[in-house]
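J.:
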Amino acid sequence: MPFGGARPKMRRAKACLRIDPEAPRGEIMEAIVERVLSEAMEQLRAAGKVPQDLHLSIVIERPKREEFGDFGCALPLALAKATRRNPMECGKELMAAIQAPEGLFDAVTFAPPGYLNFKVATAAWFDRMKDVTTLPAVGAGEKVLLEFVSANPTGPLHVGHGRGAVLGDAIARVMRATGYAVQTEYYVNDVGNQMAMMGLSLHCRGREALGLSDGSDFPENGYKGQYVRDVAAEFVATAEGKAACEQPYEDIGARDDNPCTHFAEQRLLVVIQDTLKAGGIHFDRWFTERTLHQNGALAATVQRLLDQGHAYRDEAGATLFRMEGKADEDDRVMVRASGVPTYFAADIAYHDDKARRGFTRLINIWGADHHGYIPRMKASLEALGHDPACLQVLLVQMVTLTRGGVAVPMGKRSGEFVTLQEVLEEVGQDAVRFLFLLRKADSQMEFDLDLAKSQSMENPVYYVQYGHARVASILRKAAAQGIAVPGWEAGMGDVLTLPEEAALVKDLARFAAVVASAARRCEPHHIAFYLMDLVKGFHAYYTRNAHTEKVISADPVKTAARLFLVARVQSVLAEGLALLGVSAPEEMRLTADDEPASEPD
RNA sequence: GGGGGAUUAGCUCAGUUGGAUAGAGCGUCGGCCUCCGAAGCCGAAGGUCGUGGGUUCGAGCCCCGCAUCCCCCA
Numbered sequence: 007m008p009f010g011g012a013r014p015k016m017r018r019a020k021a022c023l024r025i026d027p028e029a030p031r032g033e034i035m036e037a038i039v040e041r042v043l044s045e046a047m048e049q050l051r052a053a054g055k056v057p058q059d060l061h062l063s064i065v066i067e068r069p070k071r072e073e074f075g076d077f078g079c080a081l082p083l084a085l086a087k088a089t090r091r092n093p094m095e096c097g098k099e100l101m102a103a104i105q106a107p108e109g110l111f112d113a114v115t116f117a118p119p120g121y122l123n124f125k126v127a128t129a130a131w132f133d134r135m136k137d138v139t140t141l142p143a144v145g146a147g148e149k150v151l152l153e154f155v156s157a158n159p160t161g162p163l164h165v166g167h168g169r170g171a172v173l174g175d176a177i178a179r180v181m182r183a184t185g186y187a188v189q190t191e192y193y194v195n196d197v198g199n200q201m202a203m204m205g206l207s208l209h210c211r212g213r214e215a216l217g218l219s220d221g222s223d224f225p226e227n228g229y230k231g232q233y234v235r236d237v238a239a240e241f242v243a244t245a246e247g248k249a250a251c252e253q254p255y256e257d258i259g260a261r262d263d264n265p266c267t268h269f270a271e272q273r274l275l276v277v278i279q280d281t282l283k284a285g286g287i288h289f290d291r292w293f294t295e296r297t298l299h300q301n302g303a304l305a306a307t308v309q310r311l312l313d314q315g316h317a318y319r320d321e322a323g324a325t326l327f328r329m330e331g332k333a334d335e336d337d338r339v340m341v342r343a344s345g346v347p348t349y350f351a352a353d354i355a356y357h358d359d360k361a362r363r364g365f366t367r368l369i370n371i372w373g374a375d376h377h378g379y380i381p382r383m384k385a386s387l388e389a390l391g392h393d394p395a396c397l398q399v400l401l402v403q404m405v406t407l408t409r410g411g412v413a414v415p416m417g418k419r420s421g422e423f424v425t426l427q428e429v430l431e432e433v434g435q436d437a438v439r440f441l442f443l444l445r446k447a448d449s450q451m452e453f454d455l456d457l458a459k460s461q462s463m464e465n466p467v468y469y470v471q472y473g474h475a476r477v478a479s480i481l482r483k484a485a486a487q488g489i490a491v492p493g494w495e496a497g498m499g500d501v502l503t504l505p506e507e508a509a510l511v512k513d514l515a516r517f518a519a520v521v522a523s524a525a526r527r528c529e530p531h532h533i534a535f536y537l538m539d540l541v542k543g544f545h546a547y548y549t550r551n552a553h554t555e556k557v558i559s560a561d562p563v564k565t566a567a568r569l570f571l572v573a574r575v576q577s578v579l580a581e582g583l584a585l586l587g588v589s590a591p592e593e594m595r596l597t598a599d600d601e602p603a604s605e606p607d
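Under this note's numbering, the first residue of the first sequence is numbered 7, with each subsequent residue one higher.
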C-alpha cells in the first residue's frame, strides 16, 4: 500500500517543558573546567609568569579520542605562542597552578605538543544530573521581535515558506526557553502591486465563473493557480462578489483596495493560517501593512526622514531614501512620483514601529533572495536613530523540491507548486519539522517528496521519538510492578558502572550547553543533532544489555539508579523535541497494516 | 559586470570563535530477537574536505586566485 497510511499511530505526550527563570543557572561542565583554567591563569599572572595584559580566550573542547579524557584545551599552545616559550613548560606551569575543587578531576595530564587533558570524576558527572533539564537564562530577558514567514496573501504557502516557518517557530521556542522575551510576528503585505494583481486575478476568474469571460483576458502576470478559481467560485456566490465581478475592475475601487482584494486576502490568510496551524507554528501577532498606511505611520516616517535630510525629492517628484554611499547602493524610492509609497517605505515604517515598541533585537527570517535588502533596512534604521546592529537577518536558502530526483517546478504565478499543506498532510508535521531542522538555514537544501514520504518509517524523527516511547514503556513496566522513579541521590552514580551508562550521563550533561549555544546562534539544528546523538547512546545501552543488565532487575539499588537515568533521558528527549516543536509520544506502535511482511516459505 | 550562499563518504548533510586519527543519517554488505518495545543493536566497506597558492607549531575552518551550481542586483 502507499505510504500515506504507514505512519505510526502514536499517542501524544503532554508537552513537558518546564523553564524556571528563577532557577539557578545550571552550570555546564565546560564552564566549570574553563573557570578552573581561568583561575590558574590568574595565579600565573600574579606570579609574574604571564604578562598582565595577556588575556587568552580559553576554549574547552571535547577530544574525539576517549583516552584523552573528557575535556581538552590547547591553552599551553596558545600561551607558548603568545609568550614565545616552550609549550611543554607552559603546560607544566599551568598544571601546577590548577587548583580544582576536591573530587572534580580524576586526572589532569599534559599531552604533546601542548594540550591539557581533563578526566572528570564519575561522581562529578553524576552531580550534573540533578538539574539536567534546567536551562541557563542566557537571554537575560532581552526583548526580541522575531518576524518570519510574512508571505503575501496571494496564495497558499509552499515548501520554501515551510522551512522559514519551522525555523522561526523553533528559534522562538529555543530563545524563550533560554530567557529571551520573544514576540513572533507575521507581517502581511496587503497593499501594493501584488495585492492588486491578486484582486484582478480573482476578478477575472469570477467573471469566468459567471460566464462573462472566456478567460482570454486573464493577465499575463496574474496568479494562475487553481486556488484562485476556487476562491473566485466562493466569491461570486456572494452578492457582493457577484456585483463586483459584473463591473469592470477599474470601477470597483483602488486596484489594491477593493472587494476583490479584500476577499482574496481574507480567504487566503485563512488558508495560510490553517497551514501554519497544521505545522504547529504559532504567531503572537499578525501585523498588516495597511495599518501603517491608515494610521499615518508611514507618511510620518517619510516626513521624518525628509525633515532630517535622510530623504529628498527628485525632479520627477519621487521621494528617495539617501543611502549616502553605504554598501555601494543607490538611493531607493520610498514614494513614487505618483504619490504611491513603495514596499520599502512601509518596511521602514514597520521596523521603526518594532524598535519603538522597545524591542532591542529585531530578527527577521528572509528568503535568501531578499539578501539585497539588508543594507538599506539597516541604513533606514540608523537614519531613524536606532542601532542598525539590532537588526539581525537570518537568510534561509532556497529549498529545491524534487520528486524522485526530478526537480518540481515552483512558481506561485504559474500555479505549479506543491503546497506546504500537502507536504504536511503527506509526510506529517513531526517529520517535516525535524527534516527542516536537521539542516542549518544557511545552506541550500533538497527536499525530495518521494524520499520524505518513502523514508517515513526510517525517518530520523522516529528514531528519536522511539527512544522516548521506549523509556515510557520501561517506566510503565516499572509502575506496573509498583516501582516509582526515584529522585536524584549521590550514591546512584556509583552503581552506574556500565560504559554506556557513563556515556549517557555525559551526553545528558551536555544538553543545557547545546541549547544555550543553539539559542545564542539562532541555530536550532544543533539540538536536532544532539538528540540524535543522545538517543543513539540510549538505544545502544538498551540493546547491548538487553539480555544481561536490564533497567528493571532484582537488584533494587541498580534498578533505582537506572530508572533515574532513563527517566532523565526521557526528560531531555521530551524537552529537546518540544524545543523543536516535535511531539514526544509515550507510545508508538505499528498498526496491523504496517507489520513487516512475513517471509514467504 | 557587482553582490550573497554553496562545494566534505554512493545520496542528503553536520563539523561548536584554527587543534590531536574529519563525523552522522540513508543506501550497500555481513551478523544479533525464548527474555524491560528489533521503528533497535553490533561489525564492515566507503574521503586528495571542488582546485591552486598563502598565513603558522597546526587549516575542512582564516586570506587571495580559479572552477562549478543556486539566488539577487544592474
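No residue lacks a Cβ here, since even glycine has one placed at the ideal position from N, Cα and C.
From A113 to G75, what does the alpha carbon distance come to, in whole angstroms?
T.: So the alpha carbons of these two residues sit roughly 8 Å apart.
J.: Jot down the residue ranges of each uninterrupted alpha helix (DSSP H) in the segment 326-377, minimum 4 residues, whole runs only, in chain order.
T.: Entirely contained in the segment 326-377, the alpha helix (DSSP H) runs reaching 4 residues are, in chain order, 349-362.
J.: Assuming V575 and L510 make a contact with CB atoms under 8 Å, what is their CB distance in whole Å?
T.: Contact flag correct, Cβ pair sits at about 6 Å.
J.: Return the CA-CA distance between R342 and G170, expressed in angstroms with no decimal places.
T.: About 31 Å.
J.: When DSSP labels each residue in this structure, what does I34 get in the three-state scheme?
T.: Three-state DSSP puts I34 in coil, outside helix and strand.
J.: At the level of alpha carbons, what is the spacing between E521 and L579?
T.: According to the sequence displayed, residue 521 carries Val and not Glu. Between V521 and L579, the C-alpha separation is close to 12 Å.
J.: Tell me whether the beta-carbon of D262 lies closer than 8 Å to the beta-carbon of M201.
T.: Their beta carbons are under 8 Å apart, which means D262 touches M201 by this criterion.
J.: Compute the Euclidean distance between the alpha carbons of Y318 and Q309, then round it to the nearest angstrom.
T.: Taking the straight line from one Cα to the other gives about 10 Å.
J.: Could you tell me the distance, in whole angstroms, from the CA atom of S344 to the CA atom of C251?
T.: Cα to Cα, S344 sits roughly 27 Å from C251.
J.: Could you tell me whether the Cβ atoms of C396 and A374 are closer together than 8 Å?
T.: Not closer than 8 Å, so no.
J.: Starting from Q279, trace the alpha helix (DSSP H) both ways and give me its first and last residue.
T.: Its alpha helix (DSSP H) spans residues P265 to A284.
J.: Can you tell me whether H376 is buried or exposed? The criterion is at least 16 other CB atoms within 10 Å of its CB, across all chains shown.
T.: Classification for H376: exposed.
J.: Using CA coordinates, which residue listed in S44, P591 and A249 is at the minimum distance from H474?
T.: Closest by alpha carbon: P591.
J.: Anyone know if the C-beta pair for E271 and P159 falls short of 8 Å?
T.: Yes.
J.: Between E185 and the rest of its own chain, which residues show a CB-CB distance below 7 Å, the 5 nearest in sequence each way excluded?
T.: According to the sequence provided, residue 185 is Gly. The question's Glu does not apply to it. P27, A143, V144, G145, A146 and G147.
J.: From the DSSP output, read off the bridge partner residues of W292.
T.: According to DSSP, which records beta bridges pairwise, W292 is partnered with Y192.
J.: Going by other Cβ atoms of all chains shown within 10 Å of its Cβ, with 16 needed for buried, is T554 buried or exposed?
T.: Looking at its Cβ environment, which holds fewer than 16 other Cβ atoms inside 10 Å, T554 is exposed.
J.: Would T140 and S577 be called neighbours here (beta carbons separated by less than 8 Å)?
T.: Cβ distance not < 8 Å, so T140 and S577 don't count as in contact.
J.: Using 10 angstroms around the beta-carbon of S449, count the other beta-carbons present and answer buried if the total reaches 16, otherwise exposed.
T.: Looking at its Cβ environment, which holds fewer than 16 other Cβ atoms inside 10 Å, S449 is exposed.
J.: Classify E529 as buried or exposed, calling it buried when 16 or more other Cβ atoms lie within 10 Å of its own Cβ.
T.: Answer is buried; the Cβ neighbour count reaches 16.
J.: Could you name the residues that DSSP lists as bridge partners for E153?
T.: DSSP output for E153 lists E191 and N370 as bridge partner(s).
J.: Among G302, Y548, P381 and L206, whose alpha-carbon lies nearest the alpha-carbon of M329?
T.: With distances taken between Cα atoms, M329 lies closest to P381.
J.: Could you spell out where the alpha helix (DSSP H) holding V126 opens and where it closes?
T.: Segment Y121 to V126 is the beta strand (DSSP E) holding V126; no alpha helix (DSSP H) there.
J.: To which residues of the same chain is A322 closer than 7 Å at the C-beta, ignoring the five residues directly before and after it?
T.: Excluding sequence neighbours, A322 sits near A343.
J.: Take G587 and list the residues in its own chain whose beta-carbon comes closer than 8 Å to its own, dropping the five residues that flank it on each side.
T.: V172, D175, A176, R179, G286, I287 and R439, listed in sequence order.
J.: Skipping 5 residues on each side, what residues in its chain have a beta carbon closer than 7 Å to that of K483?
T.: These residues qualify, in order along the chain: I558.
J.: Would you list the residues sitting across from F77 in a DSSP beta bridge?
T.: DSSP output for F77 lists F124 as bridge partner(s).
J.: Under a three-way DSSP split, which group does Q398 fall into?
T.: In the structure shown, Q398 sits in a strand (DSSP, three-state: E or B).
J.: Where does V578 fall in DSSP's three states?
T.: In the structure shown, V578 sits in a helix (DSSP, three-state: H, G or I).
J.: Determine the closest residue to T128 out of L571, E593, E99 and G499, with distance taken between C-alpha atoms.
T.: T128 has its Cα closest to that of G499, out of L571, E593, E99 and G499.
J.: Quick one: grab the DSSP three-state call for G212.
T.: DSSP places G212 in helix when its eight states are reduced to three.
J.: From what residue to what residue does the alpha helix (DSSP H) around Y186 run?
T.: Per DSSP, Y186 belongs to no alpha helix (DSSP H) and is neither H nor E.
J.: What's the gap between the Cα of Y121 and the Cα of I64?
T.: Distance between the alpha carbons of Y121 and I64 is about 12 Å.
J.: For P3, does the count of other Cβ atoms within 10 angstroms reach 16, so buried, or fall short, so exposed?
T.: Residue numbering for the chain in the displayed model covers 7 to 607; residue 3 lies beyond these limits and cannot be assessed.
J.: To the nearest angstrom, how far is the alpha carbon of S386 from that of P69?
T.: So the two alpha carbons sit approximately 46 Å from each other.
J.: To which residues does DSSP link I66 through a beta bridge?
T.: DSSP output for I66 lists C79 as bridge partner(s).
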